[in-house]
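Asker: Have a look at this one.
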Amino acid sequence: MPLPVPNPLVAELSPPPIPSVQGWARAYSGRHGPLIDLSQAVPGYPPHKDLLRWLGEAAASKAYAGYGDIEGEPALRTAYALNVSALYGADIAARNVHITSGCNQAFVAAVMAVAAAGDAIVVTNPWYFNHETTLRMLGIEARTVDCLPERSFLPDPKTIEKALGPKVRAVALVSPNNPTGAVYPPALLNAIFEICHRNGVWLILDETYRDFLALGTERPHRLFSAPAWNEALIQLYSFSKSFCIPGHRLGAVVADQPVVVQIGKIMDNLQICASRAPQAAVAKGLSALVEWRRANRTEIAARAEALVETLGEMAWQVEAIGAYFAFVRHPFEGVSSVRVAEELAKRTGIVTIPGEFFGPGQERYLRFAFANATVATVSMLRERLQGFTLA
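Residue numbers (the working numbering): 463 to 853.
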């Protein structure tokens, strides 16, 4: 008997981009020196030793070996609610927080809570590829609005409002952006929030990289200060980047309590509860490791400055940059970004993600994830890029 036909909504998706790109890296001979991996958004430094100790203690404890609350450990929900309240000058309670296994899962749960197959969600182009593929496999239309280089890859609120319609249930944004690094100004986010609220759709705001905003930027926006924030805003976050534990997969949703209740139903089927040991460790780290996290923010800013300086006089142009990412325009007109990225990885050992993986019209761009490269490593790009040509 033949095997059942695969789910076409999944079968039509391309393989995950990161493993594909890392396959190109394995073909690099090493002739120009060590590999410079700018492909995946991972912290280029280890977790704090105290966090590792707390992780070990919690993992070895019988108390965390059983099931936990679906919504997350009370200690972490409370600690994170206080953290969000202080950062945004708002009044967020633990009942507004749901802990997930990473921010990708937070997005899946949030989308499933507000939209069904046949509905639509507005996303930007370029998009974060896991957001777009999530919608496709759920049978939800990804209705795109273009973020143009002449607008620094920021969306136009008027274009977003035009994209709305009877089928649209939410607008999904990422700030600081993945892949471009563009940081959405508070006034822009407020304008989009008001459009969403006025039209009865949700704003799903992914702030995975908010802890790496430019130095001096203390409050990303004031949306939580709006009297009706709970009627239109769902915020997503990742502890993985800030605490350097992407392998432990820990994220969060902040939303109105009825939304959290719906997400609880979804999470009970996805995973029941997020891994408990990292929740226990991060609950301690949120207040105890503030200075360490601030120092990491300073280090990431130095890496961003180094990238801008390194590429400053070259034909490789930084079109947008922020937090972990830069969107770099390559100098080869009419050449696919896939070809450029593949040749770069195989011949020079510089591993990047092609712009085309993030949406149509991105053939001239590569995503540089500079956060996992030291300042010294970033400075090595100049010589390798200067000598790079295409036949």
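The beta carbon of each residue, even a glycine, is placed where N, CA and C say it ideally should be.
Since the model is a prediction, treat every value here as computed from it, not as a measurement.
With distances taken Cα to Cα, identify the nearest neighbour of A833 among E680, F569 and F674.
Answerer: Comparing Cα-Cα distances from A833 to each of E680, F569 and F674, the minimum goes to F674.
Asker: Rounded to whole angstroms, what's the CA-CA distance from L616 to A739? Just pull it up for me.
Answerer: About 38 angstroms.
Asker: Note down the Cα distance separating A777 from F794, rounded to an integer number of angstroms.
Answerer: Those two C-alpha atoms are separated by around 9 angstroms.
Asker: For D660, count neighbouring C-beta atoms within 10 Å of its own C-beta (all shown protein chains included) and say buried if the count is 16 or more, exposed if not.
Answerer: The question names Asp, yet the displayed sequence has Arg at residue 660. R660 is exposed by the Cβ-count criterion.
Asker: With which residues is N587 paired in a DSSP beta bridge?
Answerer: DSSP output for N587 lists D608 as bridge partner(s).
Asker: If I follow the unbroken alpha helix (DSSP H) through V576, where does it start and stop?
Answerer: V576 -> alpha helix (DSSP H) spans C565 to V576.
Asker: Can you check which of these residues, S637, V723 and E753, is closest to S433 by C-alpha distance?
Answerer: What is shown of the chain runs 463 to 853, which leaves residue 433 out entirely.
Asker: Mind the definition here: the region 674–688 touches the region 536–556 only if three or more C-beta pairs lie below 8 angstroms; say whether that holds.
Answerer: Taking 8 angstroms as the limit for Cβ pairs, the verdict is that the region 536–556 does touch the region 674–688.
Asker: Use the C-beta contact count for D499: other C-beta atoms within 10 angstroms, 16 or more gives buried, fewer gives exposed.
Answerer: Under this definition D499 is a buried residue.
Asker: At which residues does the beta strand (DSSP E) containing E781 begin and terminate?
Answerer: Counting along the chain, the beta strand (DSSP E) containing E781 begins and ends at Q779 to G784.
Asker: If you follow the alpha helix (DSSP H) that S700 is in, where does it begin and where does it stop?
Answerer: Note, S700: premise wrong, no alpha helix (DSSP H); beta strand (DSSP E) at L695 to S700.
Asker: I want to know whether the region 578–591 touches the region 625–645 - three or more CB-CB distances under 8 angstroms.
Answerer: Counting Cβ pairs under 8 angstroms, three or more are found: they touch.
Asker: Rounded to the nearest angstrom, how far is the Cβ of V633 from that of T596, given a contact under 8 angstroms?
Answerer: Rounded, the Cβ-Cβ distance is 15 angstroms, inconsistent with contact.
Asker: Tell me where the beta strand (DSSP E) around G713 begins and ends.
Answerer: That run of the beta strand (DSSP E) goes G713 to V716.
Asker: Excluding five sequence neighbours on each side, which residues of the same chain lie with their C-beta closer than 6 angstroms to the C-beta of V722?
Answerer: If we look at V722 and ignore the five residues flanking it on each side, its Cβ neighbours are H560.
Asker: Just mark P477 as buried or exposed, buried being the case when its beta carbon has 16 or more other beta carbons within 10 Å.
Answerer: Exposed, because fewer than 16 other Cβ atoms sit within 10 Å of the Cβ of P477.
Asker: Would you kindly work out how many angstroms separate the C-alpha atoms of L677 and T760, rounded to a whole number?
Answerer: Between L677 and T760, the C-alpha separation is close to 7 angstroms.
Asker: If you compare alpha carbons, which of V585, N758 and G601 is closest to E474?
Answerer: Of the candidates V585, N758 and G601, the one whose C-alpha sits nearest the C-alpha of E474 is G601.
Asker: Relative to the C-alpha of V472, which candidate in R493, N592 and R829 has its C-alpha closest?
Answerer: Answer by Cα proximity: N592.
Asker: For the candidate residues P508, P464 and G485, whose alpha-carbon lies nearest to that of T836?
Answerer: Of P508, P464 and G485, the residue nearest in Cα terms is P508.
Asker: Compare the C-alpha of G492 against each of L806, Y529 and P816 and name the closest.
Answerer: Minimum Cα distance to G492 is reached at L806.
Asker: So which of S704, V797 and P822 has the shortest CA-CA distance to E868?
Answerer: Nothing in the structure corresponds to residue 868, since the chain is present only between 463 and 853.
Asker: Quick check on L847: does DSSP put it in helix, strand or coil?
Answerer: In the structure shown, L847 sits in a helix (DSSP, three-state: H, G or I).
Asker: Suppose the cutoff is 7 angstroms on Cβ atoms and the five residues either side in sequence are ignored; what does the same chain contact list for S521 look like?
Answerer: A small correction: the amino acid at residue 521 is Ala; Ser does not occupy that position in the sequence shown. Excluding sequence neighbours, A521 sits near A739.
Asker: Hey, could you find the ends of the alpha helix (DSSP H) L514 is sitting in?
Answerer: Note, L514: alpha helix (DSSP H), K511 to A521.
Asker: Can you tell me which residues form a DSSP beta bridge with R791?
Answerer: Answer by DSSP bridge pairing, in chain order: Q779 and Y827.
Asker: Do the region 651–669 and the region 805–824 make contact, defined as three or more Cβ pairs closer than 8 angstroms?
Answerer: The answer is no - the region 805–824 does not touch the region 651–669, with fewer than three Cβ pairs under 8 angstroms.
Asker: Please list the segments of the beta strand (DSSP E) lying wholly inside the region 613–678, counting only runs of 3 or more residues, in order along the chain.
Answerer: The region 613–678 contains these whole beta strand (DSSP E) runs: 630–636 and 664–668.
Asker: Assuming contact is defined by CB atoms lying nearer than 9 angstroms, are S798 and E825 in contact in what I supplied?
Answerer: Cβ distance < 9 angstroms, so S798 and E825 count as in contact.
Asker: For a minimum of 4 consecutive residues, which ranges assigned as the alpha helix (DSSP H) are wholly contained in the region 485–514?
Answerer: With a minimum length of 4 residues, no continuous alpha helix (DSSP H) run stays inside the region 485–514.
Asker: Could you say which of I707, D730, W486 and G726 lies nearest to Q741 if we only look at CA atoms?
Answerer: Out of I707, D730, W486 and G726, I707 has the C-alpha closest to the C-alpha of Q741.
Asker: Under 8 angstroms Cβ to Cβ from E535, same chain only, skipping five residues before and after it: list those, please.
Answerer: Here the set comprises I561, R738, Q741, A742 and A745.
Asker: How is the beta strand (DSSP E) around V559 delimited, first residue to last?
Answerer: It spans V559 to T562 - the beta strand (DSSP E) in which V559 sits, taken as one unbroken run.
Asker: Here's the rule I'm using: 16 or more other beta-carbon atoms within 10 Å means buried, otherwise exposed. How should T810 be labelled?
Answerer: So T810 counts as buried.
Asker: Given a threshold of 16 other Cβ atoms within 10 Å of its Cβ, counted over all protein chains shown, does S523 qualify as buried or as exposed?
Answerer: Per the 10 Å Cβ criterion, exposed.
Asker: By the DSSP assignment, the alpha helix (DSSP H) with P740 in it spans what residues?
Answerer: Run containing P740: R738 to A750, per the alpha helix (DSSP H) assignment.
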